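Participant: Mind looking over this structure? Questions follow.
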Amino acid sequence: MFDARKLSTKIGLQIILTLMIIPYMVPLVQMVLGSLGGIGIMNYKAVWDTGVVPTYFKNSILIAAGVIVLVYIFCMTAAFGFAKLHIIGKEVYFWIILVALTLPEIILLTPLFVTFQRLQMFNTLYAVILPLAALQLPFTILLARNFDEGIPTELMEAAKIDGASIWRVFRAIILPLTKPIASSIAVLTLINSWNSYLIPLIFLQTPDKQTVTLLPQFFQGEFTNDQTKILAAAVMTALPIIIVYICLQKNFEKGMSAGALK
Numbered sequence: 000m001f002d003a004r005k006l007s008t009k010i011g012l013q014i015i016l017t018l019m020i021i022p023y024m025v026p027l028v029q030m031v032l033g034s035l036g037g038i039g040i041m042n043y044k045a046v047w048d049t050g051v052v053p054t055y056f057k058n059s060i061l062i063a064a065g066v067i068v069l070v071y072i073f074c075m076t077a078a079f080g081f082a083k084l085h086i087i088g089k090e091v092y093f094w095i096i097l098v099a100l101t102l103p104e105i106i107l108l109t110p111l112f113v114t115f116q117r118l119q120m121f122n123t124l125y126a127v128i129l130p131l132a133a134l135q136l137p138f139t140i141l142l143a144r145n146f147d148e149g150i151p152t153e154l155m156e157a158a159k160i161d162g163a164s165i166w167r168v169f170r171a172i173i174l175p176l177t178k179p180i181a182s183s184i185a186v187l188t189l190i191n192s193w194n195s196y197l198i199p200l201i202f203l204q205t206p207d208k209q210t211v212t213l214l215p216q217f218f219q220g221e222f223t224n225d226q227t228k229i230l231a232a233a234v235m236t237a238l239p240i241i242i243v244y245i246c247l248q249k250n251f252e253k254g255m256s257a258g259a260l261k
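So the sequence shown is numbered by numbering that gives the first Met the number 0: it starts at 0 and just counts up by one.
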């Protein structure tokens, strides 16, 4: 691991890192300052007074939780199979899954719309949870597979000698060792599902089903465009994600660095 021992090196790295984060910090600072324009903190009260904030947050939490659970189950099992099990043609299947990374979300809207209409799932949270989970799987499987390949196969062989089944090996050995990458996957999935805009916009039509990303629409219309309240809604929407990332930052960075490399 790179270790900067000289003071001049540390100062140089600090300057470089500071310059790198400026382009990302400026929009965030402007968003917060803009949300306090006009009537100041009362912009947040105006957003709350719409009466839909608790409902929207509840729906977003349910969607995010459902997506995280589905992604975790399918991602961990698929990564284990691709990394450790002898399956005929598994590399072909793996690359077919990776091809899905190239598919834009927008081209899936029409077939998904027709499918959910026929299954009578339109305007339900399932119509958002299932596509979002499917869209997360290719990248998360890639990360988890690389992480699983770093787990010594000797641990599995020793467990098999002691009579453990494949399911027992997966549950007792693989899952505990994959907690760092699981934390990273959970954070990534949470961010992507929480910030999803297009799929909830299309598949959730009634106010009691909509999510936090649609909150600014209350202050934007044909004759209304209240930017201060739109920014206040954006700040309220982003705050939970920021808090979760801060709490899981250490595990997230550890898992990402380990999952990105073999």
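We treat Cβ as the ideally placed atom computed from N, Cα and C, and that holds for glycine.
Remember, it's a predicted structure, so these values are computed and weren't measured experimentally.
Starting from TYR92, trace the alpha helix (DSSP H) in both directions and tell me its first and last residue.
Facilitator: Position 93 of the sequence shown, counting from 1, holds the residue named residue 92. TYR92 -> alpha helix (DSSP H) spans 89-98.
Participant: I'd like to know if the region 210-229 and the region 175-184 are in contact, where contact means that at least 3 CB-CB pairs between them fall below 8 Å.
Facilitator: Contact between the region 210-229 and the region 175-184 is absent, because fewer than three Cβ pairs lie under 8 Å.
Participant: I'd like the list of long-range same chain contacts for GLY80, defined as Cβ closer than 8 Å, with 5 residues on each side in sequence excluded.
Facilitator: In the sequence shown, counting from the first residue as 1, residue 80 sits at position 81. For GLY80, where only same-chain residues beyond five positions count, the Cβ hits under 8 Å are ILE86, LYS89.
Participant: Please look up how many angstroms separate the CB atoms of GLY36 and THR227, rounded, as I've assumed it's under 8 Å.
Facilitator: Counted from its first residue, the sequence shown places residue 36 at position 37. Counted from its first residue, the sequence shown places residue 227 at position 228. Right, their Cβ atoms sit about 5 Å apart.
Participant: Measuring straight from C-alpha to C-alpha, what distance separates GLN334 and THR8?
Facilitator: Since the displayed the chain opens at 0 and closes at 261, residue 334 lies outside it and no answer follows.
Participant: Do ILE62 and LEU124 come within 9 Å of each other at the CB atom, strictly closer than that value?
Facilitator: Residue numbering aside, residue 124 sits at position 125 when the sequence shown is read from its first letter. Residue numbering aside, residue 62 sits at position 63 when the sequence shown is read from its first letter. Their beta carbons are under 9 Å apart, which means LEU124 touches ILE62 by this criterion.
Participant: Below 9 Å between beta carbons: does that hold for PRO130 and LEU97?
Facilitator: Here residue 130 refers to the residue found at position 131 when the sequence shown is read from its first residue. Here residue 97 refers to the residue found at position 98 when the sequence shown is read from its first residue. Not in contact: PRO130 and LEU97 (Cβ atoms no closer than 9 Å).
Participant: Should the region 66-82 be regarded as contacting the region 143-163, the criterion being three or more beta carbon pairs within less than 8 Å?
Facilitator: The region 66-82, when compared against the region 143-163, does touch it at the 8 Å Cβ threshold.
Participant: Where are the alpha helix (DSSP H) runs, 4 residues long or more, that stay fully inside the region 107-131, in chain order?
Facilitator: Entirely contained in the region 107-131, the alpha helix (DSSP H) runs reaching 4 residues are, in chain order, 108-117.
Participant: Here's a check: name, in chain order, each residue in its chain whose Cβ is nearer than 6 Å to the Cβ of MET155, leaving out the five neighbours to either side.
Facilitator: Here residue 155 is taken as the residue at index 156 of the sequence shown, counted from 1. Closer than 6 Å at Cβ, skipping near neighbours: VAL168.
Participant: Closer than 8 Å is the cut-off here; do at least three beta carbon pairs connect the region 38-55 with the region 197-205?
Facilitator: These segments do not touch.
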